[in-house]
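Residue 0 is where the sequence shown starts when you use numbering that gives the first Met the number 0, and the numbers rise one by one after that.
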Amino acid sequence: MASNLPAIVDPSDDIELVLRQVLCDVLGLSAERAAELDAESGLFGHLPELDSMAVAGLLTELEDRLDIIIEDDEVDGEMLETFGGLLAYLTDKRSDD
């Protein structure tokens, strides 16, 4: 008999999907370009679309979609340096709430 229970999903997978979608929506990245990002892919300073003005929009959208609050003093270059760094921050932040 098959179970009707949903498969166990790693919560970080959902966060990663949200992050990729927000990068597409806020920065105008193509889905293909967002899909190519890996843990070591550079973000701030590497993606021309992610300038200082776009950071505010990106973080605001992530707050809304993930139902988190990103404090100003938590935002630093390390957090935004790589895709993996931002994903790790969001995963930790989500698990804290």
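A virtual CB, placed ideally from N, CA and C, is assigned to each residue, including glycine. Computed from a predicted structure; not experimentally measured.
- Give me whichever residues DSSP pairs with G41 in a beta bridge. Position 42 of the sequence shown, counted from the start, is the residue given in the question as residue 41. Paired residue(s): T81.
- Note down the Cα distance separating L65 from L22, rounded to an integer number of angstroms. Within the sequence shown, numbered from 1, the residue matching residue 65 stands at position 66. Within the sequence shown, numbered from 1, the residue matching residue 22 stands at position 23. If you take the alpha carbons of L65 and L22, they lie about 14 angstroms apart.
- Message: Across the region 33-42 and the region 73-85, are there enough close Cβ pairs to call them in contact, namely three or more that are closer than 8 angstroms?
- Response: As far as the Cβ criterion goes, the region 33-42 touches the region 73-85, which means the pair count is three or higher.
- In angstroms with no decimal places, state the Cα-to-Cα distance between L18 and G76. Indexing the sequence shown from 1 puts residue 18 at position 19. Indexing the sequence shown from 1 puts residue 76 at position 77. Approximately 17 angstroms between the Cα atoms of the pair.
- Cut-off 6 angstroms between Cβ atoms - residues of its own chain near K92, not counting five sequence neighbours on either side: Numbered from 1 along the sequence shown, position 93 holds the residue referred to as residue 92. Contacts found: I67.
- Query: How would you call A33, buried or exposed, if buried means at least 16 neighbouring beta carbons within 10 angstroms?
  - Reply: Position 34 of the sequence shown, counted from the start, is the residue given in the question as residue 33. So A33 counts as buried.
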